[in-house]
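Asker: Structure in structure tokens, see below.
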Amino acid sequence: MKAIVYTSNTGSSKAYAEMLGAKTALPVYAWDDAVKTLDAGTGILYIGWLMAGEVVNLAKAQKKFTVRAVCAVGMTSSKEMEASVRTRNKLPADMPLFMMQGAYDKTKLHGMYRFAMKIVGAALEKKISAIPARTEEEELILTMLRVGGSGVKEEKLNAVLAWYEKGKEN
Ligand SMILES: Cc1cc2nc3c(=O)[nH]c(=O)nc-3n(C[C@H](O)[C@H](O)[C@H](O)COP(=O)(O)O)c2cc1C
């Protein structure tokens, strides 16, 4: 694997990509730069933000490069979301997928994204508010939706780092 490639809207996927780059010494490219710089077929680890269950630019990345693993950065990293991300993005069972909680701040959103999240965010807030014993992650999602917040933490890279250390010669 030769590089980390990411797509980020509000900065959390970028933050994870840079932290992972620092830990692995792999070069880190934003999507547009990767397309211009890297050869087709290059082995990459792809990090992208989640938009309605889709890892943004992942399908394009799979066409152009050899994606060895995927990190999906969303509001939730729940098992439920993981299963739906795998199905929605047509990821084969043997494709390593790492879910990471990113940041959310509705004041940073514009246009279509802002409009979409107004509707989805309200429904999500209602759903999570109704859970009687909420996990720490669920509490943070509520805070994110109401006032904004970030779940970006270095320790959330532990699983992908362990995977990388096991097979980095590939
Ligand atoms: C239009 C839109 C749709 C989203 N859909 C999802 C989703 O399906 N699942 C999820 O966990 N997070 C979803 N999110 C939250 C973002 O994935 C989350 O804020 C992420 O951290 C953004 O990453 P970035 O900071 O790299 O742009 C959505 C956000 C927006 C604006």
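Position in the sequence shown (first residue = 1) + 29 = the numbering used here.
Even for Gly, the Cβ is constructed at its ideal location relative to N, Cα and C.
Determine, using beta carbons only, whether Gly70 and Gly103 come nearer to each other than 9 Å.
Answerer: Contact: no.
Asker: List, from N- to C-terminal side, the beta strand (DSSP E) runs of 3 residues or more that fit wholly inside the stretch 103-139.
Answerer: For the stretch 103-139, whole beta strand (DSSP E) runs of length 3 or above, ordered along the chain, are 126-130.
Asker: Bridge partners of Tyr142, per DSSP?
Answerer: Answer is none; Tyr142 lacks a bridge partner.
Asker: Express the C-alpha separation of Gly77 and Ser42 in angstroms, rounding to a whole number.
Answerer: When rounded, the distance between both Cα atoms is 6 Å.
Asker: On a CA-only basis, which of Ala63, Lys108 and Pro161 is nearest Asn86? Give me that one, please.
Answerer: That would be Ala63, whose Cα lies nearest to the Cα of Asn86.
Asker: Closer than 7 Å from C-beta to any heavy atom of ligand 1: which residues, in chain order?
Answerer: Having a Cβ closer than 7 Å to some heavy atom of ligand 1 are Ser37, Asn38, Thr39, Gly40, Ser41, Ser42, Lys43, Trp78, Leu79, Met80, Ala81, Gly82, Val102, Gly103, Met104, Thr105, Met110, Gly131, Ala132, Tyr133, Leu138, Tyr142, Ala145, Met146 and Val149.
Asker: Within the continuous beta strand (DSSP E) that includes Met48, where are the two ends?
Answerer: Run containing Met48: none in the beta strand (DSSP E); it sits in the alpha helix (DSSP H), Ser41 to Thr53.
Asker: Mind reading off the beta-carbon distance from Val189 to Ala98? Whole number of angstroms is fine, and I expect it under 8 Å.
Answerer: With a Cβ gap of about 7 Å, Val189 and Ala98 count as contacting.
Asker: Using DSSP with H/G/I as helix, E/B as strand and the rest coil, what is Ile170?
Answerer: Looking at Ile170 - three-state DSSP - the assignment turns out to be helix.
Asker: Alpha carbon to alpha carbon, how far is Ala54 from Ala210? Give it in angstroms, no decimals.
Answerer: Residue 210 lies beyond the residue range present for the chain, which begins at 30 and ends at 199; the question has no answer from this structure.
Asker: Where Lys65 and Val57 are concerned, what is the direct C-alpha to C-alpha distance, given to the nearest angstrom?
Answerer: Taking the straight line joining both Cα atoms gives about 13 Å.
Asker: Does the Cβ-Cβ distance between Ala101 and Leu126 come in under 9 Å?
Answerer: The answer is yes: Cβ separation under 9 Å.
Asker: Quick check: Tyr75 and Val114, are their CB atoms within less than 9 Å of each other?
Answerer: No. Outside cutoff.
Asker: Between which residues of its own chain and Val84 is the CB-CB distance below 7 Å, once the five residues before and five after are set aside?
Answerer: So the qualifying residues of the chain are Gly77, Val99, Ala101, Val114 and Asn118.
Asker: With DSSP run on the structure shown, which of helix, strand or coil describes Val181?
Answerer: Reduced to three states, the DSSP call for Val181 is coil.
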